[in-house]
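Visitor: Residue numbers (my numbering): 158 to 268.
Glycine included, every Cβ here is placed at the ideal spot set by N, Cα and C.
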Amino acid sequence: MNQVYEWEHNKWPEFRKIEVTRSHSVKYFKKFARHFKIRPPLVNMTSRKRDGGQYWSDEYIDLPMVTNLGTVVHEFAHHFTALKFGRKFHHNKKFRHCLKQTYTFAKRYLK
Ligand SMILES: [Zn+2]
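Structure representation (structure tokens):
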């Protein structure tokens, strides 16, 4: 497992326990985007991904049919980083900054 994932999973384990369907993820992306005043990413509804998520440079996100809130936050953070700092998709310092901000905001959806 990648270092960032390990750090992330240890820091915000409770988000992994909340199941989110792909169609419901769209609602979270819209809420996150409204809060951070950016356009929401698009979700690829035909993706055949089995686990995890993937963010593409054309602002599309691939998710499996059922995922969890942690993955939704993670993929949104890639979109957030890309719009804010340019198209950098790796797990760098800027990404971790956006990731923290998104997790902090998303805490309200844990209940
Ligand atoms: Zn990532």
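Does the beta-carbon of residue 252, which I'm using as the reference point, lie nearer than 8 Å to any heavy atom of ligand 1?
Guide: As a working note, residue 252 is residue 95 in the sequence shown. Result yes, Cβ under 8 Å from ligand 1.
Visitor: Rounded to whole angstroms, what is the Cα-Cα separation between residue 166 and residue 208?
Guide: Locating residue 166 in the sequence shown gives position 9, counting from the first residue. Locating residue 208 in the sequence shown gives position 51, counting from the first residue. The straight-line gap from Cα to Cα measures roughly 15 Å.
Visitor: Once you ignore the five residues that flank residue 260 on each side, which residues in its own chain have a CB closer than 6 Å to its CB?
Guide: Within the sequence shown, residue 260 is the residue found at index 103, counting from 1. Once the five neighbours on either side are set aside, the close Cβ partners of residue 260 are 169 and 230.
Visitor: Could you have a look at residue 256 and say whether DSSP puts it in helix, strand or coil?
Guide: Looking up residue 256 in the sequence shown gives position 99. Here residue 256 sits in helix by DSSP.
Visitor: Can you give the Cα-Cα distance for residue 226 and residue 176, rounded to whole angstroms?
Guide: The residue labelled residue 226 in the question sits at position 69 within the sequence shown. The residue labelled residue 176 in the question sits at position 19 within the sequence shown. The straight-line gap from Cα to Cα measures roughly 6 Å.
Visitor: Given this structure, state the Cα-to-Cα distance separating residue 205 from residue 250, to the nearest angstrom.
Guide: Taking the first residue of the sequence shown as 1, we reach residue 205 at position 48. Taking the first residue of the sequence shown as 1, we reach residue 250 at position 93. Rounded to whole angstroms, residue 205 to residue 250 spans 30 Å at the Cα level.
Visitor: Starting from residue 199 and walking both ways along the beta strand (DSSP E), at which residues does that stretch end?
Guide: Start at 1 with the first residue of the sequence shown, and residue 199 comes out as number 42. That run of the beta strand (DSSP E) goes 199-201.
Visitor: Cα separation between residue 202 and residue 210?
Guide: Residue mapping note: residue 202 aligns to position 45 of the sequence shown, counting from 1. Residue mapping note: residue 210 aligns to position 53 of the sequence shown, counting from 1. When rounded, the distance between both Cα atoms is 13 Å.
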